[in-house]
Amino acid sequence: MEEKKSSILPIIGGVLVAILLIAGIWYFATKKQTKQIIPQPPTPITPAPPVPTPPPSPKSQATPTAPVSEEDSLSAIQSDLNNANLPDIDKEFKEIDTDLNSL
2 MEEKKSSILP IIGGVLVAIL LIAGIWYFAT KKQTKQIIPQ PPTPITPAPP
52 VPTPPPSPKS QATPTAPVSE EDSLSAIQSD LNNANLPDID KEFKEIDTDL
102 NSL
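With the numbering used here applied, the sequence shown covers 2 to 104.
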């Protein structure tokens, strides 16, 4: 008789733990679904004040480029590349650095 009680107790304990786990999961799952959401009044949207834009500097204006040929031969492409007016990149980076340092 003593052996039957000792073998039944772990089974009963396991069943109780399983029931408690299922009840806890059910409780928290239904609690999340029934949570009331308190509506907040919408905040009025005000437009941002207009910011004046500075006039374009002469450097930033587009420079007229040489006409590009419609030909796709190697010599035409090479002559277009040679005629391209590429600005000095180092000079432009130095100008940007001086502008940033002046802020």
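No residue lacks a Cβ here, since even glycine has one placed at the ideal position from N, Cα and C.
For residue j and residue i, the rounded distance between their alpha carbons
| i | j | result |
| --- | --- | --- |
| GLU93 | SER80 | 25 Å |
| LEU87 | PRO43 | 53 Å |
| ILE106 | ASN83 | Residue numbering for the chain in the displayed model covers 2 to 104; residue 106 lies beyond these limits and cannot be assessed. |
| LEU10 | ILE20 | 15 Å |
| THR54 | SER103 | 19 Å |
| SER8 | GLN41 | 58 Å |
| VAL52 | ILE46 | 18 Å |
| ALA49 | TRP27 | 49 Å |
| ASP100 | ASP73 | 41 Å |
| LEU17 | GLY25 | 12 Å |
| ILE39 | LYS32 | 16 Å |
Residue i versus the options, residue with shortest Cα-Cα distance
| i | options | result |
| --- | --- | --- |
| ALA85 | ILE20, SER70 and PRO50 | SER70 |
Exercise. Taking the runs of the alpha helix (DSSP H) that are 4 residues or longer, which of them lie wholly in the stretch 71 to 96?
Worked result: Runs of the alpha helix (DSSP H) inside the stretch 71 to 96: 75 to 84.
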